[in-house]
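Protein chains in written order, with our numbering: chain A, 5 to 75; chain B, 933 to 1113.
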């Protein structure tokens, strides 16, 4: 018997079948509602960065937004 | 892993996506034991290997829309399993630093009269992680060197080198178990 055969023989397949367990988990999963948040694209990142910069850099952000016609 | 009489993994996945649920079961039954053998060697914990085998197929099920025709299934499957195993090992290392680690369940090998399984497990556990992974994928999951390179994200030459050195160590560690001629 070669070492490779011995390694394979020394790693026997577990006797139990995992399919019933997987099936039960899949059925349980069907009852769960998953919410997927769409990934933020470059335009979203740019908008968030602009908003953050406005809040940080402008002394009176509300007045700035009103005078620039955004609000 | 598939003979001419059996559909390929990709054909099974395609059939499943077309609505044939038994194709998913066939795919699971084909790969559950190679995955368990491999994960058991990587984690040195048969119960954790069972958990992650099921979790691998749950992820495959959840992300099935990511599969594209022509994409090989085996590397995808074992890459999911690899990521899960790495996360598990990382979490175990983190737990190891906490004082509660003493109460953590430790994996206990099943009682066995034959010494070979215990010695093989110990020989694998003594390998450096990269060699252990390559040897386990090749010997216990029967994957091709090219698939192992894809899964582990290293060149084929690196996989061959890891296999060469890993097998040499395994042979050295198990030499006394081999029958003398």
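A virtual CB, placed ideally from N, CA and C, is assigned to each residue, including glycine.
Could you pull the start and end residues of the alpha helix (DSSP H) that residue i belongs to?
{"i": "residue 57 (chain A)", "result": "46–61"}
{"i": "residue 982 (chain B)", "result": "978–994"}
{"i": "residue 1089 (chain B)", "result": "1088–1106"}
{"i": "residue 74 (chain A)", "result": "Run containing residue 74 (chain A): none; DSSP gives neither H nor E here."}
{"i": "residue 1122 (chain B)", "result": "Residue 1122 (chain B) lies beyond the range of chain B shown here (933 to 1113); nothing can be said about it."}
{"i": "residue 29 (chain A)", "result": "23–34"}
{"i": "residue 948 (chain B)", "result": "941–949"}
{"i": "residue 13 (chain A)", "result": "7–13"}
Expressed to the nearest angstrom, what Euclidean distance is found between the alpha-carbon atoms of residue i and residue j?
{"i": "residue 16 (chain A)", "j": "residue 9 (chain A)", "result": "11 Å"}
{"i": "residue 1088 (chain B)", "j": "residue 14 (chain A)", "result": "27 Å"}
{"i": "residue 945 (chain B)", "j": "residue 1019 (chain B)", "result": "26 Å"}
{"i": "residue 1106 (chain B)", "j": "residue 1059 (chain B)", "result": "13 Å"}
{"i": "residue 7 (chain A)", "j": "residue 1070 (chain B)", "result": "14 Å"}
{"i": "residue 964 (chain B)", "j": "residue 47 (chain A)", "result": "43 Å"}
{"i": "residue 940 (chain B)", "j": "residue 52 (chain A)", "result": "47 Å"}
{"i": "residue 1003 (chain B)", "j": "residue 943 (chain B)", "result": "11 Å"}
{"i": "residue 22 (chain A)", "j": "residue 974 (chain B)", "result": "19 Å"}
{"i": "residue 992 (chain B)", "j": "residue 966 (chain B)", "result": "16 Å"}
{"i": "residue 1005 (chain B)", "j": "residue 56 (chain A)", "result": "44 Å"}
{"i": "residue 999 (chain B)", "j": "residue 959 (chain B)", "result": "15 Å"}
{"i": "residue 1077 (chain B)", "j": "residue 59 (chain A)", "result": "55 Å"}
{"i": "residue 1047 (chain B)", "j": "residue 30 (chain A)", "result": "38 Å"}
{"i": "residue 952 (chain B)", "j": "residue 50 (chain A)", "result": "44 Å"}
Report the neighbours of residue i on chain A: residues whose CB is nearer than 9 Å to its CB, in chain order.
{"i": "residue 1009 (chain B)", "result": "Near residue 1009 (chain B) there are no residues of chain A at all, since even the closest Cβ is about 13 Å away, more than 9 Å."}
Keeping to the same chain, check which residues put their C-beta closer than 6 Å to that of residue i; ignore five residues upstream and five downstream.
{"i": "residue 976 (chain B)", "result": "1057"}
{"i": "residue 1 (chain A)", "result": "The structure shown does not extend to residue 1 (chain A), since chain A spans only 5 to 75, so no value can be given for it."}
{"i": "residue 1075 (chain B)", "result": "1069"}
{"i": "residue 1091 (chain B)", "result": "1066, 1077, 1080, 1081"}
{"i": "residue 73 (chain A)", "result": "none"}
Would you mind telling me which residues of chain B sit closer than 8 Å to residue i, beta carbon to beta carbon, in chain order?
{"i": "residue 17 (chain A)", "result": "965, 968, 969"}
Taking Cβ-Cβ distances shorter than 7 Å, what residues in chain A pair up with residue i?
{"i": "residue 993 (chain B)", "result": "30"}
{"i": "residue 957 (chain B)", "result": "23"}
By Cβ distance, which residues of its chain are closer than 7 Å to residue i, with the 5 residues on each side in sequence left out?
{"i": "residue 1016 (chain B)", "result": "984, 987, 988"}
{"i": "residue 968 (chain B)", "result": "981, 982, 985"}
{"i": "residue 950 (chain B)", "result": "none"}
Who are the Cβ neighbours of residue i in its own chain at under 8 Å, not counting the five residues just before and after it?
{"i": "residue 12 (chain A)", "result": "none"}
{"i": "residue 1037 (chain B)", "result": "Unreliable positioning characterises residue 1037 (chain B) in this predicted model, as indicated by a pLDDT of 48, which lies under 50. The coordinate reading is nonetheless provided below. Excluding positions up to five away in sequence, the list is empty."}
Taking C-beta pairs closer than 9 Å, name the residues in chain B that residue i reaches, listed in chain order.
{"i": "residue 54 (chain A)", "result": "Within 9 Å Cβ-Cβ: nothing; residue 54 (chain A) doesn't reach chain B, min ~33 Å."}
Q | At least 3 beta-carbon pairs within less than 8 Å: the region 1093–1108 of chain B vs the region 1049–1063 of chain B | A | A contact exists between the region 1093–1108 of chain B and the region 1049–1063 of chain B.
(Q) Taking contact to mean 3 or more Cβ pairs, one atom from each stretch, closer than 8 Å, check whether the region 1082–1097 of chain B and the region 17–32 of chain A are in contact. (A) With a cut-off of 8 Å, the region 17–32 of chain A and the region 1082–1097 of chain B do not count as touching, because too few Cβ pairs lie within range.
**Q.** the region 978–987 of chain B touching the region 56–66 of chain A, judged by at least three CB pairs closer than 8 Å
**A.** The region 978–987 of chain B vs the region 56–66 of chain A: no contact.
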